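Letter by letter, the sequence shown follows residues 2 to 254 in full-length UniProt numbering.
All residues carry an ideal CB built from backbone N, CA and C; glycine is no exception.
Just so it is clear, the structure is predicted and the values come from calculations on it, not from any experiment.
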Amino acid sequence: TVTRTRILAGNWKMNHGPSQAARFFADFLPLVEPADGRSVVFFPPAVSFAAAREAVQGRPDVRLGVQNVHWEAGGAFTGELSVSMAADAGAELVLVGHSERRHVFGETIDETVRKTVAVLEGGLDPVLCVGETIDERRADRAEAVVVEQLGPVLAAVPVEHLARLVIAYEPVWAIGTGVTATPADAAAMHAAVRRTLEEVYGAGAAGQVPVLYGGSVKPENAAELMSQPGVDGVLVGGASLDPAGFAAIVRAA
Ligand code: PEP
Numbered sequence: 002t003v004t005r006t007r008i009l010a011g012n013w014k015m016n017h018g019p020s021q022a023a024r025f026f027a028d029f030l031p032l033v034e035p036a037d038g039r040s041v042v043f044f045p046p047a048v049s050f051a052a053a054r055e056a057v058q059g060r061p062d063v064r065l066g067v068q069n070v071h072w073e074a075g076g077a078f079t080g081e082l083s084v085s086m087a088a089d090a091g092a093e094l095v096l097v098g099h100s101e102r103r104h105v106f107g108e109t110i111d112e113t114v115r116k117t118v119a120v121l122e123g124g125l126d127p128v129l130c131v132g133e134t135i136d137e138r139r140a141d142r143a144e145a146v147v148v149e150q151l152g153p154v155l156a157a158v159p160v161e162h163l164a165r166l167v168i169a170y171e172p173v174w175a176i177g178t179g180v181t182a183t184p185a186d187a188a189a190m191h192a193a194v195r196r197t198l199e200e201v202y203g204a205g206a207a208g209q210v211p212v213l214y215g216g217s218v219k220p221e222n223a224a225e226l227m228s229q230p231g232v233d234g235v236l237v238g239g240a241s242l243d244p245a246g247f248a249a250i251v252r253a254a
C-alpha cells in the first residue's frame, strides 16, 4: 500500500481580508507544530495572499493556494487571475471546480478541464473538487455524477502530471450546511473516486493521488472522517476561519 501525505486544507472563500489574515496566522501558527507526513494548505482570497505569504514565511509545512484561476495566460479578462500570476505571487496550489464555482457561478465541466490543464502546465497543483447535489444523491446518482465530473478532466491529464493532482470529494449538500457525510458514505465515495482513477491510470499511478473529503468538517468530526480508508485529508471551509478550530482539525490528522 502507498502512504500518501495527509493534506489539511482551509478554503477561506470570501472571508478574511489582509489584516484578518495576518491576525489569523499570528494565532494559528503557534498552535500547530510542523509534522512529518502532514501538509497544511490555505486558500485565502487573492487580495489577502501577500499578507498570508508573509505570515507563513519560515513555515514550509504551510503552503498557499488560490481559490480560482482563468486558463488563459493573460489579457483582457477583467477580474480574473492567470496561473503564472498566481505562481509569481507564491501560490503552489489552485482550487478548481469548487461547488460554489460550479453552482453559484455556473462553471462547466469543460471549464474545469481547461483550468486543471492550465494549472498543471503552469507547474502548480490543482485541487479538483467534485461532488453531487442532494437531488442527485436522492436519485441514487451520487457516484455517477462524480464519475461524470472526473472523467473529462482525467482524460486531459497525462500520467506524468498525475503526481501533482489532488482530488476533493465534496458533496454539495454537505458544504456550509452543518450536515456531514457519514463516515461510511464518505468512504464509499472515496472508493468510487479511487476506482475511477485506477481505470484511467492503473492502480500504481492512481495510488499517488490524494483524495480529500470536504463538507462541514469540524474539530468534532475530523478524526473520524480521516480514519476512513481512502480519506487522505480534508478540505475545510467555515471551520478553517477559526485559528483554534482549524488547529484542532490539523492535529486530528
Ligand atoms: C468548502 O468550502 O470546500 C467546504 C467544504 O465548506 P464547509 O467546510 O464550510 O462545508
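The residues Val160 and Leu163, in chain order, have a CB closer than 6 Å to that of Ala206 in the same chain once the five nearest residues on each side in sequence are set aside. Relative to Leu226, the option among Arg24, Met190 and Val158 whose CA is nearest is Met190. Ligand 1 has a heavy atom closer than 8 Å to the beta-carbon of Val237.
In the same chain as Ala56, and ignoring 5 residues on each side of it, the C-beta atoms closer than 6 Å to its own belong to Ala23 and Phe26, in chain order. Contact check for Gly11 against Leu242 passes: the beta carbons are separated by less than 9 Å.
Cβ neighbours of Leu30 within its own chain (closer than 8 Å, five residues either side excluded): Ala56, Val57, Arg60 and Val63. Taking a cut-off of 8 Å for Cβ pairs, the region 232-241 and the region 193-203 do not touch, as fewer than three such pairs fall below it. The beta-carbon separation of Val84 and Val97, rounded to 11 Å, does not stay under the 8 Å limit for a contact.
Annotation for Val131 indicates a beta carbon at 8 Å or more from all heavy atoms of ligand 1. Taking a C-beta distance under 9 Å as the contact criterion, Arg195 and Val218 do not qualify as a contact pair. Contact annotation: Val173 and Val128 have beta-carbon atoms that are not nearer than 9 Å. DSSP, read as helix, strand or coil, puts Ile8 in strand.
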